[in-house]
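Chemist: Take a look at the following structure, please.
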Ligand code: NAD
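Numbering (UniProt numbering), first residue to last: 1 to 486.
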């Protein structure tokens, strides 16, 4: 299999190579096969990318907002027309099942571009009457924004960052995860085809050191990272040195609370989606499933029964529901957490191993279900980022809210109940940036997304993202004479 791109980087409207950079092997997670070899950006490549973005941004910011929006909407249309091909590449890059990538990756990126292309002409300042005088504000771009991506949703992450950034008149240099370098290059190609000036959206490859070089460069006005909390700490600190703007989309250990009056079948569906979609490699996953003691056994029985039906297989096959994890290292990390869970005394209800048919090749782990999990166990406190679901039993609303909030993370939370008053009261008390009532993990572009506490700073999607990719200039206009004391 060969998914070799024309070159490693896309800068100033064209593919660029510099073989002096450290090699990056792109591995198809279902087989372990190397499908492309790219090179990490050298200092010369980093410089070229930032220079060309700097130049393109000046030109882009002079366009009318309608003209900018049109380019984004054209890019959305091209992505939609090429969804099949882009989804197949995303499946090779990540190992995620094609039945997922066809509906959740390029399509979600296209929606972000359509949304921000549509609202670009509405990004305005305001007029402020001050008696005879007045003031007005201009909402201006920040300049060159750096995007740094994780490996779980490579196309979506690149588009979620690029769409609001470009709509506000910024340029972007994007560095994908070294594990999934392929798809962002396609987005860069598509922007040029849609009419964006060369250099407006550049993609350069690299490991953490390339991300660090971008985050500390004086030409960088803002850094938006999607990644883990430890990386977030480093990138936030690096950006702080130059007083740069940041958006931090980090990890989570989110609670999904199932009250005794919940629709159990729907709650089980949500728990499946919140733990096993993308083999559990989703930041907002509800990995701590708190189930009221009155419905605990019924919930676990149904969840086990339905999980046993999951189709594990080659992610290129449309029937496959569970594919591999992204890398051997991630598989080993997840397996080690399963061992930790067992050693801590949690009950392994289902899964827990490499599936027998996939032991020889690929980075597979069975969907895994633990019960009898307590708050102090590491599997209930640390982000695993794999298909491992923990069920914790609870007895009262106050108790479950306190336990759900007993985490440094605060990305997301879900509540299942038929009692509307309790649903809203519980959500109001939960320390999370995004909450769902009677569903889980739906992230439409119209709704802001992001975390509180250690899970992040800033918001992606919706109008809220505009605040994080623009700055306000205030202008006071005097209509009369200037008074002075002497
Ligand atoms: P990671 O933190 O290891 O890497 C993220 C990115 O940061 C990669 O591109 C990496 O090369 C880069 N990086 C590493 N060190 C750096 C440094 N010092 N300076 C600059 N860049 C650096 O994360 P990952 O393993 O790729 O992704 C999984 C994590 O991402 C999980 O914690 C998950 O929860 C999180 N995530 C969060 C969201 C969200 O929206 N909140 C979405 C997806 C994933």
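All C-beta atoms in this analysis are idealised placements derived from N, C-alpha and C, irrespective of residue type, glycine included.
Between residue 386 and ligand 1, is there a pair consisting of the residue's CB and a ligand heavy atom that are separated by less than 7 Å?
Modeler: False, no ligand heavy atom lies under 7 Å from that Cβ.
Chemist: Just to confirm my understanding: we take residue 159, look at its own chain, exclude 5 residues before and 5 after, and list those with CB closer than 7 Å. What are they?
Modeler: Only 109, 112, 113 and 187 meet the Cβ criterion.
Chemist: Taking 7 Å as the line, does the beta carbon of residue 287 fall inside it for any heavy atom of ligand 1?
Modeler: For ligand 1, not one heavy atom lies less than 7 Å from the Cβ of residue 287.
Chemist: Among the residues of its own chain, which have a CB less than 6 Å from the CB of residue 75, if the five just before and after it don't count?
Modeler: Answer for residue 75: 113, 190, 191 and 194, listed in chain order.
Chemist: In the DSSP assignment, the alpha helix (DSSP H) including residue 4 goes from what residue to what residue?
Modeler: First-last for residue 4: undefined, no H or E at that position.
Chemist: Look up residue 347 in the DSSP assignment and give the residues it is bridged to.
Modeler: Bridge partners of residue 347: 371.
Chemist: On the criterion of 16 or more Cβ atoms from any shown chain inside 10 Å, does residue 473 qualify as buried, or is it exposed?
Modeler: Under this definition residue 473 is an exposed residue.
Chemist: Mapping DSSP to helix, strand and coil, what is residue 282?
Modeler: Residue 282: coil per DSSP, three-state reduction.
Chemist: Below 7 Å, is the gap between the Cβ of residue 151 and the nearest heavy atom of ligand 1?
Modeler: Flag set: Cβ of residue 151 near ligand 1.
Chemist: With distances taken Cα to Cα, identify the nearest neighbour of residue 349 among 328, 301 and 326.
Modeler: When each option's Cα is compared against that of residue 349, the closest is 301.
Chemist: Would you mind sorting residue 64 into buried or exposed? The rule is 16 or more other CB atoms within 10 Å of its CB.
Modeler: By the 10 Å Cβ count, residue 64 comes out exposed.
Chemist: Whose CA, out of 470, 91, 87 and 378, lies closest to the CA of residue 107?
Modeler: When each option's Cα is compared against that of residue 107, the closest is 87.
Chemist: In this structure, does DSSP put residue 124 in helix, strand or coil?
Modeler: Looking at residue 124 - three-state DSSP - the assignment turns out to be coil, as it is neither helix nor strand.
Chemist: Could you give the residue range of the alpha helix (DSSP H) that holds residue 183?
Modeler: Counting along the chain, the alpha helix (DSSP H) containing residue 183 begins and ends at 183-193.
Chemist: Which residues in the same chain have their Cβ closer than 8 Å to the Cβ of residue 263, if we skip the five residues on either side of it in sequence?
Modeler: Within the same chain, residue 263 has close Cβ partners 416, 418 and 438.
Chemist: To which residues does DSSP link residue 255 through a beta bridge?
Modeler: Residue 255 pairs with 288.
Chemist: Count the other C-beta atoms from every protein chain shown that fall within 10 angstroms of the C-beta of residue 58, then say buried if there are 16 or more, exposed otherwise.
Modeler: Per the 10 Å Cβ criterion, exposed.
Chemist: Taking the beta carbon of residue 201 as the centre, do at least 16 other beta carbons fall within 10 Å, making it buried, or is it exposed?
Modeler: With 16 or more other Cβ atoms within 10 Å, it is buried.
Chemist: Tell me whether residue 87 counts as near ligand 1, meaning its Cβ is closer than 7 Å to at least one heavy atom of that ligand.
Modeler: Checking every heavy atom of ligand 1 against the Cβ of residue 87, none is found closer than 7 Å.
Chemist: Examine the Cβ distances between the stretch 425-444 and the stretch 369-379 and report whether three or more of them are shorter than 8 Å.
Modeler: Taking 8 Å as the limit for Cβ pairs, the verdict is that the stretch 369-379 does not touch the stretch 425-444.
Chemist: Considering only residues of the stretch 405-451, which uninterrupted beta strand (DSSP E) runs meet the minimum length of 3 residues and lie entirely inside it, listed in chain order?
Modeler: With a minimum length of 3 residues, the continuous beta strand (DSSP E) runs that stay inside the stretch 405-451 are 412-416 and 434-437.
Chemist: Terminal residues of the continuous alpha helix (DSSP H) containing residue 233?
Modeler: 229-241 is the span of the alpha helix (DSSP H), which, as asked, contains residue 233.
Chemist: I'd like to know whether the C-beta atoms of residue 325 and residue 386 end up nearer to each other than 8 Å.
Modeler: Against a cut-off of 8 Å, the Cβ pair of residue 386 and residue 325 comes out as a contact.
Chemist: Select from 95, 71, 101 and 267 the residue whose C-alpha is nearest the C-alpha of residue 85.
Modeler: For the residues 95, 71, 101 and 267, the minimum Cα distance to residue 85 belongs to 101.
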